[in-house]
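Participant: My numbering runs 63 ahead of the 1-based position in the sequence shown.
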Amino acid sequence: MKTIIFCTTIQVGISAIIGLLWAIIYLLYSQNIQVTLKLFLYSFLGGLFGGIVGGFIGHLVGSRTYKEAPGGIFIGDQALNWFFWFFVFWIIGIIVGAVLGGLIFIRFYS
64 MKTIIFCTTI
74 QVGISAIIGL
84 LWAIIYLLYS
94 QNIQVTLKLF
104 LYSFLGGLFG
114 GIVGGFIGHL
124 VGSRTYKEAP
134 GGIFIGDQAL
144 NWFFWFFVFW
154 IIGIIVGAVL
164 GGLIFIRFYS
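1) Decide yes or no for the touch test of the region 145-163 against the region 105-114: beta carbon pairs closer than 8 Å, at least 3 of them.
2) Taking the straight line between their C-alpha atoms, what separation do you get for residue 148 and residue 88?
3) According to DSSP, is residue 144 helix, strand or coil?
4) To the nearest angstrom, how far is the alpha carbon of residue 125 from that of residue 95?
5) If distances are taken between C-alpha atoms only, which option among 99, 118, 115, 141 comes closest to residue 168?
6) Whole angstroms is fine: what's the gap from residue 69's alpha carbon to residue 75's?
7) DSSP on residue 97, reduced to helix/strand/coil?
8) Nearest-angstrom Cα distance between residue 164 and residue 64?
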């Protein structure tokens, strides 16, 4: 249970920080607070969705490497190898989802 709360908190935090950066930059450009809040929402939700998809892909890649090899390139233990791949894809998913959420908003709604 602590792991789920920790992962959710990290995911929300990273998504919020990237969304806030998008919103500050866009607020300086447009000076419209309502549109800026909508941009923040799109970036935040994109980061949450990207984290879920990245975690799922990381689980699949980690499970595959767990079955095939006794250890990874940098990590010797199988469980740590799975965790490494899960963590890498999860963080990448959050960042890419938040950035793409902001770009989708800017492209289609402004």
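Where a beta carbon is used, it is the ideal one built from N, C-alpha and C, also for glycine.
Facilitator: Once the coordinates are examined:
1) A contact exists between the region 145-163 and the region 105-114.
2) In a straight line, the C-alpha of residue 148 is about 32 Å away from that of residue 88.
3) Correct three-state label for residue 144: helix.
4) If I take the Cα positions, the gap works out to 44 Å.
5) Out of 99, 118, 115, 141, the CA that lies nearest to the CA of residue 168 is found in 99.
6) Spanning the alpha carbons of residue 69 and residue 75 requires a straight line of approximately 10 Å.
7) In the three-state DSSP reduction, residue 97 falls in the helix class (H, G or I).
8) Spanning the two alpha carbons is a distance of roughly 29 Å.
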